[in-house]
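Protein chains: 2
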Amino acid sequence: MLTFERLKKIYQFGKNLSPTDLHAFIKHTHSQEFGQGEIIFPEGSTNDNVYFINKGLIRIFTFNENGDEITFRIVAEGQIFANADYLFYNKASRFTFEALEDTKVHFISYEDLQAVLDRNIKLEKNRKFALLSLLKESNERVESFVLMTPEERYLSFVKKFPSINNRVKDKHLASVLGITPVSLSRIRKRISQKQND
Amino acid sequence: MLTFERLKKIYQFGKNLSPTDLHAFIKHTHSQEFGQGEIIFPEGSTNDNVYFINKGLIRIFTFNENGDEITFRIVAEGQIFANADYLFYNKASRFTFEALEDTKVHFISYEDLQAVLDRNIKLEKNRKFALLSLLKESNERVESFVLMTPEERYLSFVKKFPSINNRVKDKHLASVLGITPVSLSRIRKRISQKQND
DNA sequence: AGAACTAATTAACAAAAGATAATTAATTAC
DNA sequence: GTAATTAATTATCTTTTGTTAATTAGTTCT
Numbered sequence: 001m002l003t004f005e006r007l008k009k010i011y012q013f014g015k016n017l018s019p020t021d022l023h024a025f026i027k028h029t030h031s032q033e034f035g036q037g038e039i040i041f042p043e044g045s046t047n048d049n050v051y052f053i054n055k056g057l058i059r060i061f062t063f064n065e066n067g068d069e070i071t072f073r074i075v076a077e078g079q080i081f082a083n084a085d086y087l088f089y090n091k092a093s094r095f096t097f098e099a100l101e102d103t104k105v106h107f108i109s110y111e112d113l114q115a116v117l118d119r120n121i122k123l124e125k126n127r128k129f130a131l132l133s134l135l136k137e138s139n140e141r142v143e144s145f146v147l148m149t150p151e152e153r154y155l156s157f158v159k160k161f162p163s164i165n166n167r168v169k170d171k172h173l174a175s176v177l178g179i180t181p182v183s184l185s186r187i188r189k190r191i192s193q194k195q196n197d
Numbered sequence: 198m199l200t201f202e203r204l205k206k207i208y209q210f211g212k213n214l215s216p217t218d219l220h221a222f223i224k225h226t227h228s229q230e231f232g233q234g235e236i237i238f239p240e241g242s243t244n245d246n247v248y249f250i251n252k253g254l255i256r257i258f259t260f261n262e263n264g265d266e267i268t269f270r271i272v273a274e275g276q277i278f279a280n281a282d283y284l285f286y287n288k289a290s291r292f293t294f295e296a297l298e299d300t301k302v303h304f305i306s307y308e309d310l311q312a313v314l315d316r317n318i319k320l321e322k323n324r325k326f327a328l329l330s331l332l333k334e335s336n337e338r339v340e341s342f343v344l345m346t347p348e349e350r351y352l353s354f355v356k357k358f359p360s361i362n363n364r365v366k367d368k369h370l371a372s373v374l375g376i377t378p379v380s381l382s383r384i385r386k387r388i389s390q391k392q393n394d
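So, in structure tokens, the structure goes:
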């Protein structure tokens with residue numbers, strides 16, 4: 001139960017919730033641990049869970065037409081992820097979800113989530129915090145593509161997520177930034193040259 | 198009142214709502230019309246309304262460090278927009294909101310929206326449709342940046358919004374796609390050359 | 001209709017990015 | 001600890017984009 005402390009803080013879950021309300025939710029959730037490199041669910045999956053990362057790091061990736069891996073998103077502790085292809089469009093996942101570190105998640109099936117929230121108005125009212133958190137993150141990413149150069153986007157990403165360089169391979173980070181690993185390497189070089197002026 | 202028919206369809210507002218519930222919402226909304234070129238609210242604004250476009254088209258733009266206009270988003274009939282800087286972060290808007298066509302909107306202040314939804318559980322439950330719709334749109338845009346080349350992104354945008362070429366200036370479309378107008382012009386040329394093969 | 005203004009295209013060049021391969025660094029496996 | 005593997009950097013070359021300016025096309029205003 002204690003594992004939801006971070007969730008409460010970040011998504012304001014529990015802000016207006018009594019321990020009873022919170023428990024109504026938590027009792028429908030499950031926990032699971034994945035070792036580094038383990039697949040949480042693969043491309044083609046119709047997994048319908050909504051996951052919350054308690055500890056660890058995952059990446060969501062697919063392959064482009066050349067067969068190269070493209071990492072679409074990296075999700076760390078305190079964040080939510082789900083099979084968007086299935087939950088948004090009722091389609092099989094185009095992406096594979098992989099644990100990059102030993103990762104502990106909490107999850108609830110969308111069906112159960114909906115049922116619990118239908119029964120508890122306080123929980124339903126808290127739903128917006130989770131959705132807004134996802135919307136903010138997504139919107140900030142769109143901004144980084146429209147308003148910034150790749151170099152600025154890289155710097156901004158590192159600033160927002162300082163431990164990224166130790167935790168995520170450059171090639172994965174590169175595709176999250178919409179560039180190639182070679183280009184990321186050159187950007188890093190350019191930045192370090194600027195600092196030596 | 199009829200003006201909400203589109204909203205009902207698109208956001209499933211009213212799917213589970215009685216006319217009474219719907220009316221509870223609608224009576225707190227206001228309508229407004231903007232002529233082509235009119236500013237809905239400017240950079241620096243703390244406008245806190247949530248807008249629904251009934252008819253017309255708007256663009257959300259700012260200026261980069263060189264003083265060039267950057268159009269961040271184009272919003273057409275059936276879609277929602279709001280002052281994200283203010284509603285998400287309680288900051289003054291970095292963007293100006295301008296009507297690109299004669300535009301009719303419905304809006305409700307966030308305060309009123311929250312109050313109405315607090316009082317009506319059916320409306321609160323419908324909130325997710327609006328938020329999910331925004332999240333889907335934003336997520337699809339991130340995908341278009343991570344998974345596609347600018348050329349593919351352009352083609353995909355036109356496919357999703359076929360009237361765009363008649364309704365939006367290329368220079369505005371270009372920055373929505375994260376490229377310069379010159380580059381968009383070249384992309385169009387390349388595409389038309391391919392078609393002549 | 002013509003003038004004035006704005007948008008889109010084209011040209012020319014510089015800068016950055018993609019692709020591929022070679023090299024170096026780092027990690028993993030035995 | 002060394003070999004094998006994988007990741008990151010560097011090099012080379014091609015393609016694309018950005019920048020600026022000139023030209024052409026299209027709009028708007030009177």
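Quick note, the sequences are listed as chains A and B, same order.
Residues 1 to 197, numbered by this note's numbering, are exactly what the first sequence covers, in order.
Residues 198 to 394, numbered by this note's numbering, are exactly what the second sequence covers, in order.
For each residue, glycine too, the CB sits at the ideal point set by N, CA and C.
For residue i, the three-state DSSP class (helix, strand or coil)
i, result
"B/V272", "strand"
"A/A99", "strand"
"A/S237", "This structure leaves residue 237 of chain A out entirely; chain A is present only between 1 and 197."
"B/S306", "strand"
"B/P378", "helix"
"B/A327", "helix"
"B/N246", "strand"
"B/E186", "Outside the displayed span of chain B (198 to 394) sits residue 186 of chain B, for which this structure offers no information."
"A/T62", "strand"
"A/E69", "strand"
"A/A82", "strand"
"B/H225", "coil"
"A/T20", "helix"
"B/P359", "coil"
"B/V339", "helix"
"B/A289", "coil"
"A/K136", "helix"
"A/V176", "helix"
"A/K169", "coil"
Classification of residue i by the beta-carbon crowding that lies within 10 angstroms, buried from 16 upward
i, result
"B/Q229", "exposed"
"A/K125", "buried"
"A/Q195", "exposed"
"B/E295", "buried"
"A/I108", "buried"
"B/R338", "buried"
"A/I191", "exposed"
"B/V272", "buried"
"B/V373", "buried"
"A/G178", "buried"
"A/T29", "buried"
"A/N166", "exposed"
"A/D193", "The question names Asp, but residue 193 of chain A is Gln in the sequence shown. Under this definition A/Q193 is an exposed residue."
"B/I384", "buried"
"B/K386", "exposed"
"A/H23", "exposed"
"A/S93", "buried"
"B/V379", "exposed"
For residue i, the residue or residues it bridges with in DSSP
i, result
"A/K104", "A/E33, A/K55"
"A/I39", "A/E98"
Cβ distance (whole Å) where residue i is taken to contact residue j below 8 Å
i, j, result
"B/F292", "B/T346", "The Cβ separation is near 27 Å, so there is no contact."
"B/L370", "B/L352", "12 Å between Cβ atoms; not a contact."
"B/N336", "A/L147", "That pair is no contact at about 18 Å."
"B/F342", "A/F81", "Not a contact, Cβ separation roughly 19 Å."
"A/L131", "B/L310", "Actually they are not in contact, since the Cβ atoms of A/L131 and B/L310 sit about 15 Å apart, beyond 8 Å."
Problem - Segment contact flag, the stretch 237-255 of chain B with the stretch 272-291 of chain B, C-beta cutoff 8 Å, min 3 pairs - result: yes
Handout entry: Contact between the stretch 353-370 of chain B and the stretch 156-176 of chain A (3+ Cβ pairs under 8 Å)
Key = no
Handout entry: Stretch pair the stretch 35-46 of chain A + the stretch 65-80 of chain A: three plus CB contacts closer than 8 Å
Key = no
Problem - the stretch 113-125 of chain A contacting the stretch 305-324 of chain B, beta-carbon criterion three pairs below 8 Å - result: yes
Practice task
Decide if the stretch 290-310 of chain B is in contact with the stretch 50-60 of chain A; the criterion is three or more beta carbon pairs, one per stretch, under 8 Å apart.
Solution key: no
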